[in-house]
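J.: Each step along the sequence shown adds one to the number in the working numbering, with nothing skipped, and position 94 is 96. Here a beta-carbon is modelled for each residue, glycine too, at the ideal position from N, C-alpha and C. All values reported here derive from a predicted model rather than from experimental measurement. The structure that follows is given in the form of structure tokens.
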Amino acid sequence: MNPRREPRGGRSALFDGIEEGGIRAASSYSSHEIDEHENERALEGLQDRVILLKRLSGDINEEVDAHNRMLDRMGNDMDSSRGILSGTMDRFKTVFETKSSRRMLALVASFVGLFLVIYYLTR
């Protein structure tokens, strides 16, 4: 006799639809009810994902805004430093134009010599 065709007891009849990994479709449920239940679970999963993506996109938006503000501040600082450097270069030009080349050479050589002396003393 085939073991699948044997009559089952009351307990086995109660747990007939339960398998590993979930509930199998029993004859008391229609396929429409099961599909609807699966759709509801899938919808809840999608809602959780949408909420997660919404939070993530909000965090990305805040991060982008913060970086834009930081870049704007850096741009303003660079503009101000460019102005300061251009003023300094103008002053150097006036110094180089008014001094003789021999004095400038002596000044540059003395700075280089002083730097080398300090370098060897600290080494």
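Roughly how many whole angstroms lie between the Cα atoms of Y122 and F94?
T.: Your numbering for residue 122 matches position 120 in the sequence shown. Your numbering for residue 94 matches position 92 in the sequence shown. Going by C-alpha positions, Y122 is about 29 angstroms away from F94.
J.: Could you check the C-alpha separation between L107 and V97 for me, to the nearest Å?
T.: Numbered from 1 along the sequence shown, position 105 holds the residue referred to as residue 107. Numbered from 1 along the sequence shown, position 95 holds the residue referred to as residue 97. When rounded, the distance between both Cα atoms is 13 angstroms.
J.: Helix or strand or just coil, what does DSSP make of S83?
T.: For the purposes of this step, residue 83 is taken as residue 81 along the sequence shown, with counting starting at 1. Per DSSP, reduced to three states, the secondary structure at S83 is helical.
J.: Helix or strand or just coil, what does DSSP make of R125?
T.: Numbered from 1 along the sequence shown, position 123 holds the residue referred to as residue 125. Coil at R125, not helix or strand.
J.: I need the straight-line Cα distance from M76 to S83, nearest angstrom please.
T.: For the purposes of this step, residue 76 is taken as the residue at position 74 of the sequence shown. For the purposes of this step, residue 83 is taken as the residue at position 81 of the sequence shown. Whole-angstrom Cα-Cα distance: 10 angstroms.
J.: What is the rounded straight-line gap between the Cα of D74 and the Cα of L45?
T.: On the sequence shown, residue 74 is found 72 positions in, with the first residue counted as 1. On the sequence shown, residue 45 is found 43 positions in, with the first residue counted as 1. D74 and L45 have their alpha carbons spaced roughly 43 angstroms apart.
J.: Below 7 angstroms CB to CB, which residues in the same chain sit around L58 once its five sequence neighbours on both sides are set aside?
T.: For the purposes of this step, residue 58 is taken as residue 56 along the sequence shown, with counting starting at 1. The answer is none, since no qualifying residue turns up.
J.: Is S112 helix, strand or coil by DSSP?
T.: For this step, residue 112 is matched to residue 110 along the sequence shown. Three-state DSSP puts S112 in a helix.
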